[in-house]
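These notes are about the structure you will find just below.
Number of protein chains: 4
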Amino acid sequence: MGNTWGQLFRVTTWGESHGAAIGAVVDGCPPRLPLSEADIQPDLDRRVPGQSALTTQRKETDTVKILSGVFDGLTLGTPISLEMPNLDMRPGDYQEVREKYRPSHADYTYEAKYGVRDWRGGGRTSARETAGRVAAGAIARKLLAERFGVLVVAWVSKVGTLGVDCDAEKVTRQQVDATPIRCPDLATAERMIAAVEAVRKDGDSLGGIVTCAVRGCPPGWGEPVFDRLEADLAKAVMSLPASKGFEIGSGFAGTDLRGSQHNDEFYMEGGRVRTRTNRSGGVQGGITNGETIVFRVAFKPTATIMREQNTVSVAHEDTTIKGRGRHDPCVLPRAVPMVEAMATLVLADHALRQQVNEPDHRRS
Amino acid sequence: MGNTWGQLFRVTTWGESHGAAIGAVVDGCPPRLPLSEADIQPDLDRRVPGQSALTTQRKETDTVKILSGVFDGLTLGTPISLEMPNLDMRPGDYQEVREKYRPSHADYTYEAKYGVRDWRGGGRTSARETAGRVAAGAIARKLLAERFGVLVVAWVSKVGTLGVDCDAEKVTRQQVDATPIRCPDLATAERMIAAVEAVRKDGDSLGGIVTCAVRGCPPGWGEPVFDRLEADLAKAVMSLPASKGFEIGSGFAGTDLRGSQHNDEFYMEGGRVRTRTNRSGGVQGGITNGETIVFRVAFKPTATIMREQNTVSVAHEDTTIKGRGRHDPCVLPRAVPMVEAMATLVLADHALRQQVNEPDHRRS
Amino acid sequence: MGNTWGQLFRVTTWGESHGAAIGAVVDGCPPRLPLSEADIQPDLDRRVPGQSALTTQRKETDTVKILSGVFDGLTLGTPISLEMPNLDMRPGDYQEVREKYRPSHADYTYEAKYGVRDWRGGGRTSARETAGRVAAGAIARKLLAERFGVLVVAWVSKVGTLGVDCDAEKVTRQQVDATPIRCPDLATAERMIAAVEAVRKDGDSLGGIVTCAVRGCPPGWGEPVFDRLEADLAKAVMSLPASKGFEIGSGFAGTDLRGSQHNDEFYMEGGRVRTRTNRSGGVQGGITNGETIVFRVAFKPTATIMREQNTVSVAHEDTTIKGRGRHDPCVLPRAVPMVEAMATLVLADHALRQQVNEPDHRRS
Amino acid sequence: MGNTWGQLFRVTTWGESHGAAIGAVVDGCPPRLPLSEADIQPDLDRRVPGQSALTTQRKETDTVKILSGVFDGLTLGTPISLEMPNLDMRPGDYQEVREKYRPSHADYTYEAKYGVRDWRGGGRTSARETAGRVAAGAIARKLLAERFGVLVVAWVSKVGTLGVDCDAEKVTRQQVDATPIRCPDLATAERMIAAVEAVRKDGDSLGGIVTCAVRGCPPGWGEPVFDRLEADLAKAVMSLPASKGFEIGSGFAGTDLRGSQHNDEFYMEGGRVRTRTNRSGGVQGGITNGETIVFRVAFKPTATIMREQNTVSVAHEDTTIKGRGRHDPCVLPRAVPMVEAMATLVLADHALRQQVNEPDHRRS
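Top to bottom, those sequences are chains A, B, C and D.
Under my numbering, think of the first position of the first sequence as 112, with each following residue one higher.
Under my numbering, think of the first position of the second sequence as 112, with each following residue one higher.
Under my numbering, think of the first position of the third sequence as 112, with each following residue one higher.
Under my numbering, think of the first position of the fourth sequence as 112, with each following residue one higher.
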C-alpha cells in the first residue's frame, strides 16, 4: 500500500530497481490534453543516472513508453500507463547487501516490515523508483502549464555548507540546467561542483537543499484542515528518498520574528489583491493567495559511501560493510526534477479539486 | 473536502469557530478498547483557551461528549462521534473582520476559494477547529498506549529566539506541563514566559518550535513510496494552523554533514538491531527502525496582533486594520497537544495498516 | 470502517439505535447552496417511524439540527454536521436480544466480527442508522435540483406478490405520498395496504420492490470500469438494510431477450441524441446517455416477526425467540426515502466528479 | 478516474482494446505469497477470446508478464505490475464505428463524457479491459485459497430462456469447464450451446445469468453500513460490461415470501453457529455468517449483432449500422471468470480489512 498519490490526479507507481521495468499509471488526467513521449522524456533525462561525473554511473536511458490513455495525440481521460525498462542490472554488485544491512538505508526496515526483501540495488527502496514519479509529473506539468498557466521550477540552493539565495520570482529552468549541479548562481555552482568532486574522491557524500517555486498559481487552490496545500506539498517531498525537512515561506527562520515583522500586509495592485512581502510562501490557511509558492527541502548526504562502516548482518551479528557499485556522491542535482515532479503532482491534483469547489461567479 | 485524516484510523472533523458546536467522527477504532470521556478531556484541557495569561482569554471549556461508538465502556468498532459545544461566542468582536481581510490570516483565501466566508472568529479557519483533532487524537493515544506500548510526547523547544535541546528519550508529560509555556527545561521556560509577556504588553506576538518524540514504536511501521511515515507526519503537522516547517532526525542541520558523519551505524544490543546514533529520527526509507522518532515543527508568530496594519477590504480598497478580541500572543503552548494529536493519529493509522502487512512470522 | 460514502460529495454517518443521537457529516457540498433544516426535515419525516399503522410505532421525531457548514443560509463549502437525538429508547424491550441472536438479523455477525455488540435495538445494525443517510441525501437532492435540474423519485412497485408497473417518466412525489404504502397506482396501493394489515395481524411480515427513476440527468455522468454509475447505484442500495437485489433497465427479465430485441436504437430528436427504447436504463458503459435512469431494488420481508422461531443463544445453545418491541410488518414505504437518498448521494457525487472531467467545449 | 478497486487489496487497471497493451497494478497483496505467471495464466485462458465456436474469433493469447512485486517466487508486499500485449489489432474493422454510435454500446456516452474517444474496438469500453481484472483476480484467488481457505466458483445458470439450478455447495470448476458454455448441468449445457449456435447463425445474440458461490468464508467479513459485503459484491459485478442485475440469497424471488417463510433459523452444529436455510446468501447485515455466499448476475444479450440497426452518426444525423468484425453471440461463458475475478477481489479486500478489526480473542 501507499504507492498511490492524489485524489483526482492519481498516480500509482510500481517497480523494483533491478526488476524487469518500472512504471506508473496516471488516472484522472483530463481528456484532450495533447501528449506524447516527447513531453515526458526531457524530465526523465534530468533524473537519469550518468548525466555527469557528479552522479552515479549506472547507465539507464529511462526511455518511456506510453501504453494507454492517449489516442491520436490526445489524452482520452482513461488511465495513462507509463513504462521504462530496466537495462543496466548488475545484481552481482549487491551480493553483500543480501547478507548485511547498509547503514541509513532501508534494508533493515523493509525486512522488518515484510519479512522478505529484494536486495538487488535496494529493490523498491531504490531512488530508481522516482522515475515513475518524474514521468507522471511531466504530464502534470503539461496540464498545469497549458490549462492553468502555472510554472514549477526548482533548483539546488545548498550543497553541504555552501548555500545561496536566488530570486524565486525569476529563476528559469535554463539557468538551473546551465551547470550539472543545478544551482542557478554560477559562482556558487562552481564551488558546489568542486565540493562534490572532493567528497567523491574521498569516498564520501554530501547533502543539501532544493528550493522550489510555483509561479502563476491563482488564489483559491488547496483545501482547509487536513489537505492544506502546504501539507500536501510537505508530504509529497518528504516521501522522496533522503529528504529530512520541509519548510514553506519563512519556515524555521521565521520563528525568530515577531508577528509585526512577519505578517504579510495586503494591498491592491492593478485590481488584484497582493501582499507586500511573502513570508506566507504563497499559501494562507492552506489555500493559495496568488503569490509565488516557495518551499525548501532538505536532503541528507547520500547513505552509500565507499568507506567501511559498522553494521549488522541479516543473521543479526555485528559486522562491517563497505559501499561498492555505482552511487551518487550528492543526490541534489537529480533531486531537482524529483521535487518538481512531486510539486506538479500536488498542484495538478488541487487544480482539479478546485474545479469542483469553484464558486459559480469564478467560472463565468 | 479535505476534512478527513487517515486510511484505517479515520478522523473527520467539522465545525466553525462560532457555530453551534465543533466535533469529530472517528471511524476505524478497533473494537473493545475501554473508552470514556475521561480519557479525552485531559488532552482537550491542554488545548483549551484561557489556561494561563500566556494564551487567549476566550472562555471555552471544550467539554466533550461521546455520542456513539461506545457501549458499556468499550468501543464497538463503529464510528465514535465526539462533540463540544461552542460557548463563548462574541461575533460582535469580529464585525471589522467582516469588511477587511486580516494580514496573514485565511480570510482572503477562503473567500477566493469559496466565494463565501464565515467571518465570525475565522469560521472554519480558526485554530478552534483543532479541538476535534485533539479529541480524536486522545483516542489514538489510548489505542497506541494500550495495544502497542507506544508513547507520544511533545514540548516547546523554541520561543522566538530562545531555544533549548532536551533529551528526546526522557522528556515526560509531567515535565512538559510543569510550566504554562510547556518547555521542560525550567530555566529556559522562565525566559520564554518573560518573552511572551513582553510581546503581549507590546501588542505583538512570537513563534517558535515544538519538538515531538515517539517512543516504543516497533520496527516495520510506515509504508514505502508515498505514505512514508515521515511523509505522513509532515503532512499531519503542516496541516496545523500557523505551521511553516517540519524536519525529522537531523533535518535541515543534517545537510551540513558528510555521509560518513551522518550515517547511523547498526549494532546488536540484547538481540535487537539498534543504531548507535539516530540522525534518521527513527525512520529509514519511510519505515520505523525501532529507535525513537523525533521531529520538529516550526510555528510562525501569531498573525493577530494589537497593532494597526495595512490591508485591503472585501470591496478591494486599501485600508488598515487593528487586532482586537481575544488572541494568543504565542501559540506554542497550545500547539503542543495539537502536534501530539496529529502524531498519534498518524501512528495509530500506520499501526493498523501494519496489521495487514505483517508477515506471519511476526504474528506467531 | 465503511461508514463513509462518496468521492467528492462525501457522507459519513454515525450512531447506534439507542445511543444518545445519530447523525451524519457531509463533506464536499459546494459552497453557496441555500440550505436550512427546512430543506432536510421533509425527507426525514418520510422515513420516520410511526407515520401510519403500516409501520413501527416507535416514536421518533428525527428532528434534525445543522451544527456546522452553513452560515447566513448558505453552505460554506466546509463540512455540514447533521444531528438527530434519539428519544424513544426502551432498552428493556431488548433484554432477550442481549442473550439470543435474532434470525436473519445481524446480531450474530456483528458479534463474530467485533467480539462486542450493542444489543439495544440492534445498535448500529438498526435501520435507524439510515436517518443519517436520508438527512444527507436531502442536501444532495437540493444540489441536484438547483444546480443540475435532476429529479429523483422512487415508489413501491411490489409488496409481497402484488406488483404493478408505473410510468417512470411521470410518477410524482405527490402521487407516491398519496397513500401510506407509497405506491402511486391507487388500486394496487389499496390491495397492498390490505395485505400488510393482514400479515401484521398475523404477526408476520412482507417484502417487496422499490422502483426509482432519475429524470433530467445530462449525458456524461459516471466513470468507466469500476465506478460505473450503475455499479455505484447497486452498491448504494445494496447497502440498505434488508435489500437483496438490484437491477437496472431491462434487468433480469432482459436476459430472456435476443440482442435484436434488446438493443436501444439511437435517433435524433430536437438536436438531441435519443434512444427509442430504454432497456439500458439510462446508462451505457457506466455513463449516462441522457435518458431516464430506472432501477429496481428488492427488499426481503422484515426479519422481526411476532412468532416463535428457533435460534441459538450467545452461549451457543439452541433456544427459541419471539419478536417483541415495535417493528415494521413491511419496510417498503419507509424504504422509498432511503432508496431516494442513496440515489441522490450517488448522483451528486458523480455530478461533481464530472465537473473535473468535463471537456472544455461543454463548459463554454 | 474510477479505474481502481479496493481499500487494502487495491487493483488499478489500464489499457484500450487496440492500444499497445493492457494491464493492472495490484497494490496491497501481502508479502511472502508464492506467485508466478503460472498462477495467473489459467484464469486468463478462461477469459481469452477464441476459446470455442461460441465466442469471438479475435485471436489474443493474453500472455501475462509480472513486471514487479515478486522476487525469488514470493510477493514482496510492493505493487505487482501485470501486463498483456495486444496482438490481434485490426482497426480497419472499426472504421464505421469511427463515424457512427453503435446501439447499446458506450460509444456515444464516452464521447459525451470526454469529448474524445478511441473508436478502435471500443477502446477502454471494450470487454478486453476485463483481462486486467481477471489477472489481478487470480492473485486474489491464490491469497484467499492459501491464507484463508476460501474458494470461489461461478457458472452459467441461464442462457436466453434456458435456466437451471445447481447445488451451490458442490459445483466444481472442473464441472463448469466440462463444456464451452460453462454450465455444470450437462443436459442444460447442450441445449444452451445449441441455442447460442442458432442465434449466431441468425446474426443475433443471447444474454443470461451467472451464479457464483463463495465457500469456506469465515464469519465476520464485511463492514457495516456502506461497505457491506453484498454492496461491494453488487458494485463489483455491476461494473462488468453488459451486467444489468445482481441478487444475493433469495434475491428478487424472496420478495414473494413472508418473514416466517424467509428467515434463516440458527442452530448449533459441531460447535458452530449455522443456519438451517440460506436465504440470506451467507451475509447478514453486510457481514458473513459462515454459510456459503451465493449471488447471481444478469447479463444482457451482446449488443453487437450482425444485423442492420438504426442509429445516429457522430455528426448527429440519423443513419444505420450493421455489426461486423469479431464478436461474441453470447458473453456468458467468458463472463464466468470475470464474475469470479470480481468476487475474489471483493473477498480478498474484506479479508485484509478484517485483519484490522479482528478482536484479539480471534487472533490468539
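All residues carry an ideal CB built from backbone N, CA and C; glycine is no exception.
The Cβ-Cβ distance between C/Gly319 and C/Lys269 falls below 7 Å. D/Ser316 is positioned such that its CB atom lies no closer than 7 Å to that of C/Asn374. The way I'd put it, the region 278 to 298 of chain A does touch the region 323 to 340 of chain A; three or more beta-carbon pairs between them come closer than 8 Å. If you look at B/Leu146, you'll find it isn't in any beta strand (DSSP E); DSSP assigns it neither H nor E.
Within the region 375 to 426 of chain B, the complete beta strand (DSSP E) runs of at least 3 residues fall at 377 to 380, 383 to 386, 404 to 410, 419 to 423. C/Ile133: not part of any alpha helix (DSSP H); member of the beta strand (DSSP E) spanning 132 to 138, first to last residue.
The CB of C/Val227 comes closer than 9 Å to the CB of Pro142, Arg143, Phe182, Asp183, Leu185, Thr186, Leu187, Gly188 in chain B, given here in chain order.
Distance from the CA atom of A/Asp183 to the CA atom of D/Gln206, rounded to whole angstroms, is 14 Å. Looking at the backbone, the Cα of B/Ala452 and that of B/Arg244 are separated by about 6 Å. Neighbourhood of B/His427 in chain A, by CB distance below 8 Å: Met379, Gly382, Val384, in chain order. Boundaries for D/Lys433: no alpha helix (DSSP H) harbours it, while the beta strand (DSSP E) harbouring it runs 429 to 433, taken from the DSSP string. In the DSSP assignment, D/Ile250 falls within the alpha helix (DSSP H) that extends over 241 to 254. Those residues of the region 451 to 472 of chain C placed with their C-beta closer than 7 Å to a C-beta in chain A are Leu463, Gln466, Val467, Asn468, Pro470, ordered along the chain. Distance from the CA of D/Thr386 to the CA of A/Gly139, rounded to the nearest whole angstrom, comes to 45 Å. For the region 327 to 345 of chain B, the residues whose beta carbon sits under 7 Å from a beta carbon of chain D are, in order, Pro335. The alpha helix (DSSP H) runs lying completely inside the region 275 to 309 of chain B and spanning 4 residues or more are 284 to 287, given in chain order. Nearest to D/Pro160 by alpha-carbon distance, out of D/Asp150, D/Thr174, D/Ala300, is D/Thr174. Interface residue (Cβ-Cβ distance to chain C less than 7 Å): A/Leu119 is classified as such.
Looking at the DSSP output, C/Cys323 shares a beta bridge with C/Ala265, C/Phe406. At least 7 Å separates the CB of C/Phe259 from every CB of chain D. If you look at B/Gly161, you'll find it isn't in any beta strand (DSSP E); DSSP assigns it neither H nor E. Comparing alpha carbon positions, the residue from A/Gly134, A/Ala462, A/Arg383 closest to A/Pro190 is A/Gly134. Taking C/Thr241 as the centre and dropping the five residues before and after it, the same chain places the C-beta of Arg158, Leu351, Pro352, Met449, Ala452 closer than 8 Å to its C-beta, in chain order. Using a Cβ-Cβ distance cut-off of 8 Å, the region 288 to 305 of chain B and the region 333 to 341 of chain B are not in contact, since fewer than three pairs of beta carbons, one from each stretch, lie closer than that value. Counting of Cβ neighbours within 10 angstroms places A/Ser179 among the buried residues, the total reaching 16 or more. For C/Val208, the closest of C/Val467, C/Thr186, C/Gly370, C/Gly234 by C-alpha to C-alpha distance is C/Gly234. B/Thr272 sits in coil when the DSSP states are folded into three classes, being neither helix nor strand.
Taking CB atoms only, D/Gly243 has no neighbour in chain A less than 7 Å away. Residues of the same chain with a CB within less than 7 Å of the CB of C/Val287, apart from the 5 flanking positions on each side, are Val264, Trp266, Arg293, Pro295, Val447 in chain order. For C/Leu178, there is no enclosing alpha helix (DSSP H), as DSSP gives it neither H nor E. By the C-beta density criterion, B/Leu297 is exposed, having fewer than 16 other C-beta atoms within 10 angstroms. The Cβ of C/Met112 sits closer than 7 Å to at least one Cβ of chain B. DSSP places A/Thr220 in the uninterrupted alpha helix (DSSP H) bounded by 218 to 225. Shown here for A/Thr388: same chain residues with a beta carbon closer than 6 Å to its own, the five before and five after excluded, namely Asp375 in chain order. Put simply, the CB of C/Met303 is far from chain D, with every gap to its CB atoms at 7 Å or more.
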